[in-house]
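Shown next, in structure tokens, is the structure this report addresses.
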Amino acid sequence: MYVIMGGTGHVGSATAQSLLARKEPVAIVTRSAAHADEWRAKGVSIAEADVEDVASLRSAFRLGRRAFLLNPPADTATDTDLVERRTVAKILDALDGSGLEKVVAESTGGAQAGDRIGDLNVLWELEQGLRERAIPAAINRAAYYMSNWDAQLDSIRSTGELSTLFPADLAIPMVAPRDLGEMAAARLLSPLDDTGVRYVEGPRLYSSNDVAEAFAKALGQRVKVKVTPRDQWKQAFLSLGFSDAAAESYARMTAVSIDGGFDIADDPLRGKTTLEDYVSELVANQDV
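End of the sequence shown = 440 in our numbering, gap-free, step of one.
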């Protein structure tokens with residue numbers, strides 16, 4: 153049995169689907185079993201657990217031999233660093249006594265030690281905690297999610313503008329969630345000695361200009377890029393309802409990522425989904 157955290161999100165669900173396509177047994181970890189009817193219909197086991205409750209999470213892990221670990225994103229109206237560092241610690245504690253023979257953890261490109269730089273330092277702490285444990289751990293450092301652009305679809309359609317904090321022509325690694333799921337499933341199924349850090353990226357690097365072009369083609373309209381100046385980043389996050397602490401962390405994470413060159417790997421695991429195909433499918437699904 154393979155235990156999957158985040159089974160109702162982009163990457164967790166893609167991981168579960170990939171395992172199911174291989175006829176592998178899957179258990180989804182969810183806070184509310186009542187919201188998992190779709191998974192039950194697919195023959196998936198449901199493990200009700202709360203990431204804040206170590207005992208319930210450990211019980212969920214004991215259902216399987218291997219587990220996919222994903223630290224859930226905190227509500228951006230909270231102090232996201234504080235909440236997410238706490239849940240990382242809970243996940244690590246739950247591994248002790250779980251009986252798991254291997255885990256695969258979702259991390260991020262650019263993960264590094266630091267303070268209040270969002271996922272970069274939070275997931276670095278997850279990586280470090282896994283290195284300190286006896287359970288073999290495969291760590292997938294994901295590129296920038298293509299799904300991060302999803303929320304702008306309605307705005308792009310109505311205004312013809314794509315907002316970005318990145319320089320318009322800055323090409324960075326991006327990846328589709330389905331490809332992250334495929335890679336996570338592959339490492340869950342791989343031998344115990346397949347451990348350590350691998351980077352996961354899409355077919356090539358993409359810029360915000362490329363994203364705008366993909367939306368323009370899919371929508372059949374002109375789309376221009378609107379770059380938010382660095383000194384307005386924090387305010388941009390605040391305008392979206394972020395807490396002051398979260399806005400500060402996300403702005404600092406963006407700065408570190410850009411200034412650090414997005415930690416581009418020499419030999420990443422490459423997904424097959426292009427940005428153009430991802431955006432085309434996103435638009436088509438909304439239009440159904």
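Virtual Cβ for every residue (Gly too), placed ideally from N, Cα, C.
In this structure, how does DSSP classify T160 when only helix, strand and coil are distinguished? Position 8 of the sequence shown, counting from 1, holds the residue named residue 160. In the displayed model, T160 falls within coil according to three-state DSSP, outside both helix and strand.
Span separating the alpha-carbon of Y296 from that of D205: As a working mapping, residue 296 is identified with position 144 in the sequence shown. As a working mapping, residue 205 is identified with position 53 in the sequence shown. Distance between the alpha carbons of Y296 and D205 is about 29 Å.
What are the boundary residues of the beta strand (DSSP E) that R339 is part of? As a first step, residue 339 must be located in the sequence shown, where it is residue number 187. Not the beta strand (DSSP E): R339 falls in the alpha helix (DSSP H), residues P329 to L341.
Is D271 near the ligand NAD, in the sense that its beta carbon is under 7 Å from a heavy atom of that ligand? The ligand NAD is not part of the structure shown, which contains no ligands of any sort.
Does G159 pass the burial test, meaning 16 or more other C-beta atoms within 10 Å, or should it be called exposed? On the sequence shown, residue 159 is found 7 positions in, with the first residue counted as 1. Classification of G159: buried, given that the 10 Å Cβ count is 16 or more.
Here's the rule: buried if 16 or more other CB atoms are within 10 angstroms of the residue's CB, otherwise exposed. What is N273? Within the sequence shown, residue 273 is the residue found at index 121, counting from 1. Buried, by the Cβ-count rule.
Cα-Cα, which of A226, L341, T426 and S170 is closest to E365? Along the sequence shown, one-based indexing puts residue 365 at 213. When A226, L341, T426 and S170 are compared, the shortest CA-CA separation from E365 is found for T426.
Given a cut-off of 8 Å on the beta-carbon distance, is the pair A212 and V196 in contact? Locating residue 212 in the sequence shown gives position 60, counting from the first residue. Locating residue 196 in the sequence shown gives position 44, counting from the first residue. Going by C-beta atoms, A212 is not nearer than 8 Å to V196.
Going along the chain, which unbroken runs of the alpha helix (DSSP H) with 4 or more residues stay wholly within the region 196-243? If you keep only unbroken alpha helix (DSSP H) runs of at least 4 residues inside the region 196-243, you get 206-213.
Nearest to H162 by CA position, among D411, G312, V349 and G333, is which residue? Working through the sequence shown from its first residue, we reach residue 162 at position 10. Comparing C-alpha distances from H162 to each of D411, G312, V349 and G333 shows the shortest one belongs to G333.
For V352, the residue or residues it bridges with in DSSP: Taking the first residue of the sequence shown as 1, we reach residue 352 at position 200. In DSSP, V352 forms a bridge with A294 and L421.
Using the C-alpha atoms, what's the distance from N300 back to Q280? Taking the sequence shown and counting its residues from 1, one reaches residue 280 at position 128. Taking the sequence shown and counting its residues from 1, one reaches residue 300 at position 148. Each residue's alpha carbon lies about 26 Å from the other.
Buried or exposed for E190, please, with buried defined as at least 16 other CB atoms from any protein chain shown within 10 angstroms of its CB. Counted from its first residue, the sequence shown places residue 190 at position 38. By the 10 Å Cβ count, E190 comes out exposed.
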